[in-house]
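Numbering (this note's numbering), first residue to last: 154 to 319. Below is one structure; the comments refer to it alone.
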Amino acid sequence: MDDIKKISDKAVEIAVSQLGQKEEPIGSNSGPVVDEYLKSVGLEPGYAWCQAFVYWCYAQAATALGVPNPVVHTVGVLDCWNRTAVNIKIHSSEAQGKPSLINVGDQIIFKHSNGTGHTGIVEKVIGQDIHTIEGNTNNNGSREGYEVERKVRTLDDVRLLGFISY
């Protein structure tokens, strides 16, 4: 198994360990653990943290394995997508036609109509259903939630931009 596969697997393992972590107080984009996610991308408490969560999970995996973090060091989901090398991106149209392109540990990227984004880490793929672990979400599916949760996303979601395969 190569280092990239190892880091993806380790990042998922770390994301699973974070399930249930919440903002304190809820709605603050802050709290002891959330602040650590934000700090990993150079932000103070109080900012949206889904991208910081993905970066932090990969940073923890990279440190554990002694390899570089492949995730772009940024606070913005769409900035991460735009700055990532083309050869590791899977556009939603490609994934819809061939879900087998999506791997455990891939970063899922959503683009909302107001120019914002949301992201998470793929835990597994079952048919057209993408099971993810996402930070800054909630059980209503919000992109501006308050905790780390598992989600089931579908490949036909109009907001789905694509995946980054580390």
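Glycine residues also receive a C-beta, built at the ideal position from the N, C-alpha and C atoms.
Which residue's Cα is closest to the Cα of Gly298: Ala168, Val165, Gly173 and Lys264? Gly173
Work out the CA separation of Gln171 and Ala217 for me, nearest whole Å. 16 Å
Given 8 Å as the limit, is there contact between the region 240-253 and the region 307-318, that is, 3 or more CB pairs closer than that? yes
Measure the alpha-carbon distance for Asn182 versus Leu254 and round it to whole angstroms. 33 Å
Ala328 to Arg303 span [Cα, whole Å]: Residue 328 cannot be examined here, being either before or after the span of the chain that is shown, 154 to 319.
Between the alpha carbons of Thr237 and Tyr208, how many angstroms are there, rounded? 13 Å
For Val257 versus Lys277, is the C-beta spacing smaller than 9 Å? yes
With Glu136 as the anchor, note down where its alpha helix (DSSP H) starts and where it stops. Nothing in the structure corresponds to residue 136, since the chain is present only between 154 and 319.
Cβ pair count under 8 Å reaching 3, the region 225-234 against the region 190-202: yes
Using three-state DSSP, classify Thr216 as helix, strand or coil. helix
Using the three-state DSSP reduction, which class does Asn289 fall into: helix, strand or coil? strand
Between Gly270 and Gln213, is the Cβ-Cβ spacing less than 9 Å? no
Spatially closest choice to Tyr190 from Glu287, Asn293 and Asp259, by CA coordinates: Glu287
Under 8 Å from any heavy atom of the ligand FMN, does the C-beta of Ile243 make it? Ligands in the displayed structure: none, and consequently the ligand FMN is not present.
So if DSSP puts Gly315 in a beta bridge, which residue, or which two residues, is it bridged to? His244 and Ile262
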